[in-house]
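Read in order, the letters of the sequence shown correspond to residues 2 to 500 in this note's numbering.
Yeah, the Cβ is synthetic: ideal placement off N, Cα and C, and Gly gets one too.
All values derive from a computational prediction rather than experimental measurement.
The block underneath contains the structure these notes are about, expressed in structure tokens.
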Amino acid sequence: MPLPAIPFDNSYARDLPGFYAPCQPAAVPAPVLLFFNRGLAEELRLGLEGQDDTALAKLFSGNVLPEGAEPIAQAYAGHQFGQFNPQLGDGRALLIGEVIDRADRRRDIAFKGSGRTPFSRLGDGKAAVGPMLREVLIGEAMHALGIPTTRALAVVATGEPVYRERALPGAVLTRVAASHLRVGTFQFCMVHGSPEMVRQLADYAIARHYPDVREAGNRYLGFLNAVAERQAALIAQWLHIGFIHGVMNTDNMGIPGETIDFGPCAFMEAYDPRAVFSSIDEGGRYAYAAQPHIARWNLARLAETLLPLIADEEGRAIELATEVIDAFPERHRRYWLAGLRAKLGLAGHIADGDAADTALGESWLDLLHAQQVDYTLAWRRLADAAAGDEAPLRALFPGQPGLERWLQRWRERCAAEDAGADAAKARADAMRRVNPLLIPRNHRVEEALSAASDTGDLAPFEQLLNALRRPFDEDPALARFAEPAPGEFMAEFRTFCGT
Ligand code: AMP
Ligand code: MG
2 MPLPAIPFDN SYARDLPGFY APCQPAAVPA PVLLFFNRGL AEELRLGLEG
52 QDDTALAKLF SGNVLPEGAE PIAQAYAGHQ FGQFNPQLGD GRALLIGEVI
102 DRADRRRDIA FKGSGRTPFS RLGDGKAAVG PMLREVLIGE AMHALGIPTT
152 RALAVVATGE PVYRERALPG AVLTRVAASH LRVGTFQFCM VHGSPEMVRQ
202 LADYAIARHY PDVREAGNRY LGFLNAVAER QAALIAQWLH IGFIHGVMNT
252 DNMGIPGETI DFGPCAFMEA YDPRAVFSSI DEGGRYAYAA QPHIARWNLA
302 RLAETLLPLI ADEEGRAIEL ATEVIDAFPE RHRRYWLAGL RAKLGLAGHI
352 ADGDAADTAL GESWLDLLHA QQVDYTLAWR RLADAAAGDE APLRALFPGQ
402 PGLERWLQRW RERCAAEDAG ADAAKARADA MRRVNPLLIP RNHRVEEALS
452 AASDTGDLAP FEQLLNALRR PFDEDPALAR FAEPAPGEFM AEFRTFCGT
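Next up, the structure:
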């Protein structure tokens, strides 16, 4: 069956010449399809329903490009661990094209691991099977958890090795994103271009992601404000599921407000605000609880690029931008508190209750920290407690008197808003819709990826993926995916950039 014509509409290539370099994917010797996201392909209206695995492998390795694809490597800069690098760019990625999905949203389709580009510097432009399947697992889990994220459309094994500490099987990932605009894209325009170039990029970003701010009195300030709003919400969602991105460099912060780049990310097990797993994050710059501060820092870097557009007079521009940056912590805190209330099973506010609810939530987190209780299970068992079954929760806190006192406070707070006989059940149900049972447990992810990468066995990957797509379901058949890692595993666990 011939490949269908994919209705690409490549606005980035069309509207932003000078922001990218055209580049072809490298041919791969023996493409084999490892993963294909049929649901996402349908959402994108790619018309690939009748294609077999061989055809899909050719397509998603880059060996056969569909008509209308215009592969380009995007230019960007970025602060990496606080150090500015003026020249990053897609060193191993290519934007293939954009499509309009069923919900009328413009989405990027991009390869990762498709060979060298003008931005590769010393890199080989390649990627390995393990880290690319990791993008699948984490992206699909985040999506199922209701968190804005890029998603994997396909992974193809290339049939050639990539050389890291050892030879690994190579792969190409096809990634779908609202766009690949980053804070670092603006930084690139600032250092290599002009305020006019930043304006062109900002206008593009506004039209694509924030059309409402076109009406704002000061549209570039409105844009900064709108990006800050989405990041405030996104980071709150990360914190609520125990996600640690691991490498929140400005080139890994997306303008559309999606989670992007699942390199050394990890999920917290025992609650610890200082949790950090990345082997290269020695100072804990990107630790769990540091993420809101880093988001603010990154937004300040975005703001710097926009200053000449915000006001003619620099002092005035700085003043206006600073207001937005300074408002970020409170803005984030409001999202965080709303999410915290939902996790605690509190439907509404009570008069002057913000401080009291924050204190209630924080003392719960303190209890988890003191006892090193598993973050995900603790919340889930609190939902059981809401339904009247407190034993599973108590079992997580052996010999902890503090739990009783805290539960008493929580019950009183719940009672303040309860009405009707079904209140307890309604609360438990609502809590189970926001407190997942299944997150990508680090040991399960590692297990699945090593089976796939070392022995070519995809069964553990597929079983885990299947479980992660239903994170809120309590299915006994999936129980092993809910269990925390053995203590020794987490003590030694380090993540690595997927390069
Ligand atoms: P990341 O850590 O994946 O966000 O990548 C940071 C930068 O390094 C980006 O400019 C990437 O394109 C580039 N990069 C990472 N790995 C490679 C590689 N194997 N070959 C070429 N460039 C790479
Ligand atoms: Mg990156």
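Closer than 8 Å is the cut-off here; do at least three beta carbon pairs connect the region 120-135 with the region 97-110? no
If you count every other CB in all the chains shown that lies within 10 Å of the CB of Tyr221, and 16 or more means buried, which is it? buried
What residue from Phe494, Leu439, Glu448 has the CA that sits closest to Asn467's CA? Leu439
Rank Gln372, Lys344, Gln373 by C-alpha distance to the C-alpha of Leu361 and give the top, closest one. Lys344
Please look up how many angstroms separate the CB atoms of Gly185 and Gly349, rounded, as I've assumed it's under 8 Å. At roughly 40 Å, the Cβ-Cβ gap does not stay under 8 Å, so Gly185 and Gly349 are not in contact.
Kindly give me the distance between the Cβ atoms of Ala387 and Arg434, rounded to whole angstroms, as I take these residues to be in contact under 8 Å. The Cβ separation is near 12 Å, so there is no contact.
When the distance is taken between beta carbons, is Trp337 closer than 8 Å to Trp365? no
Do Ile261 and Ala178 have their C-beta atoms closer together than 8 Å? yes
Please determine, among Gly114, Gly147, Thr118, the residue with the shortest C-alpha to C-alpha distance to Glu136. Gly114
Rounded to whole angstroms, how far is the Cβ of Tyr21 from the Cβ of Ile97, which I believe are closer than 8 Å? Not a contact, Cβ separation roughly 12 Å.
Can you grab the Cα-Cα spacing for the pair Arg215 / Ile148, in whole Å? 26 Å
Which class does His1 belong to by DSSP, given the choice of helix, strand or coil? Residue 1 is absent from the model: the chain starts at 2 and stops at 500.
Could you check whether Gly140 and Gln238 sit closer than 8 Å to each other, using their CB atoms as the reference points? no
Integer-rounded CB distance, given that Phe482 should sit under 8 Å from Arg445: 6 Å
Which residues neighbour the ligand MG when neighbourhood means a C-beta less than 5 Å away from any of its non-hydrogen atoms? List them by chain order. Asn253, Asp262
Tell me which residue opens and which closes the alpha helix (DSSP H) that Ala334 is part of. What sits at residue 334 in the sequence shown is Arg, not Ala. Element bounds for Arg334: 315-345.
Just the C-alpha distance for Arg297 and Ala460, rounded to the nearest angstrom, thanks. 41 Å
6 Å CB neighbourhood of Leu34 in its chain, flanking five on each side removed: Asp54, Leu57, Ala58, Val157
Sequence-distant residues of the same chain with beta carbon closer than 6 Å to Gly48, five excluded per side: Pro5
May I ask you to list the residues that DSSP assigns as paired with Lys113? Ala94, Leu174
Run through the DSSP bridge pairs and tell me what Phe85 is partnered with. His80
Can at least three beta-carbon pairs, one atom from the region 203-217 and one from the region 279-298, be found at a separation below 8 Å? no
Spatially closest choice to Gly69 from Gln25, Arg165, Asn11, by CA coordinates: Asn11
Would you say the region 266-284 touches the region 373-387, given that touching needs at least three Cβ pairs under 8 Å? yes
For the ligand AMP, any of its heavy atoms closer than 7 Å to the Cβ of Arg176? no
Where do the N-terminal and C-terminal ends of the alpha helix (DSSP H) with Pro461 fall, by residue? 460-469
Would Gln292 be called buried (16 or more neighbouring beta carbons within 10 Å of its own) or exposed? buried
Quick check: the Cα distance between Tyr164 and Met432, rounded to an integer number of angstroms? 46 Å
Considering only heavy atoms of the ligand AMP, does any lie closer than 7 Å to the CB of Cys498? yes
Quick check on this structure: which residue in Ala229, Thr251, Arg231, Phe263 has the alpha carbon closest to the alpha carbon of Phe244? Phe263
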